[in-house]
Amino acid sequence: MTIIEKIRNIGIMAHIDAGKTTTTERILYYTGKSHRMGEVDDGEAAMDWMPQEQERGITITSAATTCFWLDHQINIIDTPGHVDFTAEVERALRVLDGGIVVFSAVEGVEPQSETVWHQADRYGIPRLAYINKMDRVGADYFRVIGEMEDKLEAEPLIVQIPLGRESDFEGVIDLVKLKEIRWDQSDFGTTLMYSEISGPYRDKALKMYEKMIDRLTGISETLTDLYLEGKEISEELIKETIKRGTLNRDFIPVYCGASLRNIGIQPLLDGIIDYLPSPAEVPPMSGHHSKSGKEVEIPCKRQAPPLALVFKIQNDREAGALSYMRVYSGSFKNGGVVYNISKKKRERITRLLRMHANRYAREDLVEAGDIAVAIGLKLTQTGDTIGTDKFPILLENIKFPEPVISVAIEPKTLSERKKLNDVLDLLAKEDPTFSVKENEETGQLIVSGMGELHLDVLITRMMKEYKVEAKVGKPQVSYRESISKEAVHKEKYHRVIGGKENTAVITLKVKPLARGSGNKFVNNTTEDILPVELMESVKRGVENAFSSGIVYGYPAIDVEVSLKDAEYNQSTSTVFAFEAAGSLGFDAACRKAGPVLLEPIMLVDVMCPKEFIGDVIGNLTSRSGVVINMESKPGADHIHAEVPLANMFGYSTALRSSTQGRGTYSMEFSHFAVKEGGFG
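Quick note on my numbering: the sequence shown kicks off at -2 and runs consecutively.
Right, dumping it as structure tokens:
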């Protein structure tokens, strides 16, 4: 078995309070990577028993942590919790090879469970299911499996059944080994005790074993032949068949346990090794050649050009930016020079680290299939591809949409101003869809993002994680301006400044362009009419005026400006005068050209159970939304609609109430369209 085949890159996904944190903590404890178990509330976002988190100001486990089990390396990658963060969710899912979805035996399949399940479906991720909290009052293993079939339209493969339930829960029956497993509580469940299946459970276990084997006969002919001939089927053949079916996503092996009572974790770890894929067993990653744009497949090989995707950046107060990267090809060395293919810049990796539960280890080399942290990449951002200029393949060919919602933010005291600026810069580097700029007229800092929730999360992080006291305004839609017809304007500029005359005369023609074309400046004059230096001044004046808008001061888009004619006087015409004429002339010409106000239209994807579809469509229509299409997906209907952003404020609350909390949505910028009512 090669080293690549001994790696597992997995994500643990769950609805809040299903026990994701407790389960992850037990995994780290039993794999020997943490030396004590922290008692944290189930569902907390971070394992706050680790002293490094408070000391260093980062959540070490939130991006990736490495542990070892049965001579295999398991990289556990954090998956973002909310569907709204489209870019971040996509990145986290694309660096996963497999996943574990944790369900509560009491609450069953909850709304967030549905969300993460559909996301994993969309990215074709093989996964295991783990039904936790079997010791709690109201726990029902088979009811949750039924909900998986009904709500998720999943194909569960039961590989374990519980020994007892609620307060009588004492262990599991492993159907592959046909053994009972109990955990010794005197050593925190480290010792597993195997025994033959006892009388009260034997009939049920054999019935479920037959059901499992019957399901596997559709996968393996060898197993089918042995089954029909009544011969013994080896444990190895059963495992091999389950793995094949899991990788093909024919079914989902289901485990059970009670993480808080230290029951059920080690067999789940065995399942990760036995049934989830190594980097060599997943389809090759595809990328795009940075020059030709052609799609290229990247096989996971160590003897190949280096290529890695930076999927998360976190800021460490001591080390600076920690760049979490998944290596898809070749290898990276400590102290080596790398080429940032996205930025077309060279950088040096000063240190390579492997993150463990409560410590990190230095690495000299990180190879294909692995995940590590690089320190020293100052220009690299989330989503960048690093490698070599001889193999310039972009792994993530994503054009980030423009932020469409903004809030004004200011420090509570002047002394906090620099701290606020520094923190906003750090957050912008971590998240490419978050931007910061200063309003030149008011001096206010304006932060922009992809939606209400996006900004709310970032501002909360800024205040709680980085302890910055700031005042925040109400969210504002970021509009644009344009024109609806052609117009020509002659601008005559004359000013006496410091006793010197400044004159310029230009004729500009403006015309609207198709949406998304951008702005354009065309020079129709010749050097004998206007010297190149002065023509460049006009161009500079016009281009500066684009950002100042026409009527309300929103940026102007999709406008072509032509310099048709000009007059200049050798003694009074100046660079300053022609730049000013360009700016003023643009403004006057556009006011004659039927200026229009454009609003951002969002592409809204709503996923909800079929019974709520009428209410959801009615609500979208009341918000001036247009339903583009609908499609049925496993367990839910998927609605694609276009809705003005201004009408989407408060939508998450409305969707929750109209779908009993089971509807989810994501929203991204689609295009700008003329706002009804215009400038009124």
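The C-beta atom is built at its ideal place from N, Cα and C for all residues, glycine as well.
Q) Hey, Y191 and P159: beta-carbon distance below 8 Å or not? A) No, Cβ-Cβ distance for Y191 and P159 is not below 8 Å.
(Q) Output needed for P153: all residues of its chain with C-beta closer than 6 Å, excluding positions within five of it in sequence on either side, in chain order. (A) Residues of the same chain with a CB within less than 6 Å of the CB of P153, apart from the 5 flanking positions on each side, are I142, M145, I249, V251 in chain order.
Q | F518 (DSSP reduced to helix, strand or coil) | A | F518 falls in the strand class under three-state DSSP.
Q | Same chain, Cβ closer than 6 Å to L266, five either side skipped, listed in chain order | A | Cβ within range, chain order: W66.
(Q) A563 and Y490 - do their beta-carbons sit closer together than 8 Å? (A) Taking 8 Å as the Cβ cut-off, Y490 and A563 do not qualify as a contacting pair.
**Q.** Continuous beta strand (DSSP E) stretch holding Q311: start and end
**A.** In this chain, the beta strand (DSSP E) harbouring Q311 covers 304 to 313.
Q | Local Cβ density within 10 Å of G622, reported as buried at 16 or more and exposed below that | A | With 16 or more other Cβ atoms within 10 Å, it is buried.
Q. How many Å lie between E107 and D612 at the Cα?
A. Separation of E107 and D612 (C-alpha to C-alpha, rounded to the nearest whole angstrom) is 20 Å.
**Q.** DSSP-derived helix/strand/coil call for P552
**A.** In this structure, P552 counts as coil in the three-state DSSP scheme.
Q | Proximity of H635 and M645 at Cβ, strictly below 8 Å | A | Not a contact, by the Cβ cut-off of 8 Å.
**Q.** C-alpha distance - S283 paired with V404, whole-angstrom precision
**A.** C-alpha separation (whole angstroms): 38 Å.
Q: Return helix, strand or coil for R5, following the three-state DSSP convention.
A: Under the three-state reduction of DSSP output, R5 falls in the strand class.
Q: Below 8 Å on the Cβ atoms is my guess for M604 versus S667; work out the distance and round it to an integer in Å.
A: About 18 Å separates the two Cβ atoms, so there is no contact after all.
Q. Leaving out five residues before and five after K561 in sequence, what residues of the same chain have Cβ atoms less than 6 Å from its Cβ?
A. Cβ contact annotation for K561 (same chain, cutoff 6 Å, sequence separation greater than five): T504, K506, N521, in chain order.
Q) What is the DSSP secondary structure of D81, reduced to helix, strand or coil? A) Only weak support is given to the placement of D81: the predicted model assigns it a pLDDT of 49, under 50, and the question is left unresolved by the model.
Q. Under 8 Å, do Y325 and F308 count as touching if we go by C-beta distance?
A. Going by C-beta atoms, Y325 is not nearer than 8 Å to F308.
Q: Kindly indicate the opening and closing residues of the beta strand (DSSP E) around M352.
A: First-last of the beta strand (DSSP E) with M352: 348 to 352.
Q. To which residues of the same chain is M(-2) closer than 6 Å at the C-beta, ignoring the five residues directly before and after it?
A. Excluding residues within five positions, none has a Cβ falling inside 6 Å.
Q) Tell me which same chain residues have a C-beta within less than 6 Å of the C-beta of E36, skipping the five on either side of it? A) Note that E36 scores 48 on pLDDT, short of 50, meaning its location in the model is unreliable and no value can be drawn from it.
Q. Taking the Cβ atom as the reference point for each residue, do E596 and Y476 lie within a distance shorter than 8 Å?
A. Contact flag set, yes.
Q) Under the rule that 16 or more other beta-carbon atoms within 10 Å means buried, what is E530, buried or exposed? A) Classification of E530: exposed, given that the 10 Å Cβ count is below 16.
Q | Beta-carbon contacts of A670 that lie in its chain and below 6 Å, excluding the five residues immediately before and after | A | The answer, listed in chain order, is I598.
Q | Backbone CA spacing between Q441 and G373 [nearest angstrom] | A | Answer to the nearest angstrom: the Cα atoms are 32 Å apart.
(Q) Please tell me whether I24 and K17 are closer than 8 Å, where the distance is taken between their beta carbons. (A) Not in contact: I24 and K17 (Cβ atoms no closer than 8 Å).
(Q) Please classify P509 as buried or exposed, where buried requires at least 16 neighbouring CB atoms within 10 angstroms. (A) Residue environment analysis places P509 among the buried positions, since at least 16 neighbouring C-beta atoms fall within 10 angstroms of its C-beta.
(Q) Below 8 Å on the Cβ atoms is my contact criterion, and I expect G366 with A277 to pass it. Report the Cβ-Cβ distance as a whole number of Å. (A) A Cβ-Cβ separation of about 7 Å places G366 in contact with A277 under the 8 Å criterion.
Q) Cα separation between K471 and L450? A) Each residue's alpha carbon lies about 13 Å from the other.
Q: Answer yes or no: do P389 and I338 have a C-beta to C-beta separation smaller than 8 Å?
A: Contact flag set, yes.
(Q) Can you give me the C-alpha to C-alpha distance between G380 and G186, rounded to a whole angstrom? (A) Distance from the CA atom of G380 to the CA atom of G186, rounded to whole angstroms, is 40 Å.
Q. Of the residues A11, E576, T214, which one's Cα is nearest the Cα of V502?
A. The candidate whose alpha carbon is nearest that of V502 is E576.
Q.
I'd like to check one pair, I295 with L304: are the Cβ atoms closer than 8 Å?
A. With respect to the 8 Å criterion, L304 and I295 are classified as neighbours on the basis of their beta carbons.
(Q) As a quick exercise: from M131, C64, G647, V98, pick the residue whose alpha carbon is nearest that of D165. (A) The option with the nearest alpha carbon to D165 is M131.
(Q) Looking only at its chain, what residues have a beta carbon closer than 8 Å to the beta carbon of T457, apart from the 5 residues adjacent to it on each side? (A) Beyond the five residues adjoining it in sequence on each side, T457 comes within less than 8 Å, by CB distance, of no other residue in the same chain.
Q. Between D602, H286, G448, Y463, which lies nearest to N418 when the distance is taken from Cα to Cα?
A. When D602, H286, G448, Y463 are compared, the shortest CA-CA separation from N418 is found for Y463.
Q | Distance between T410 and G554 (C-alpha atoms, nearest Å) | A | Note on residue identity: the sequence assigns Ile, not Gly, to residue 554. Those two C-alpha atoms are separated by around 37 Å.
**Q.** In DSSP terms, what M282 is bridged to
**A.** Within the DSSP bridge table, the entry for M282 names I295 as partners.
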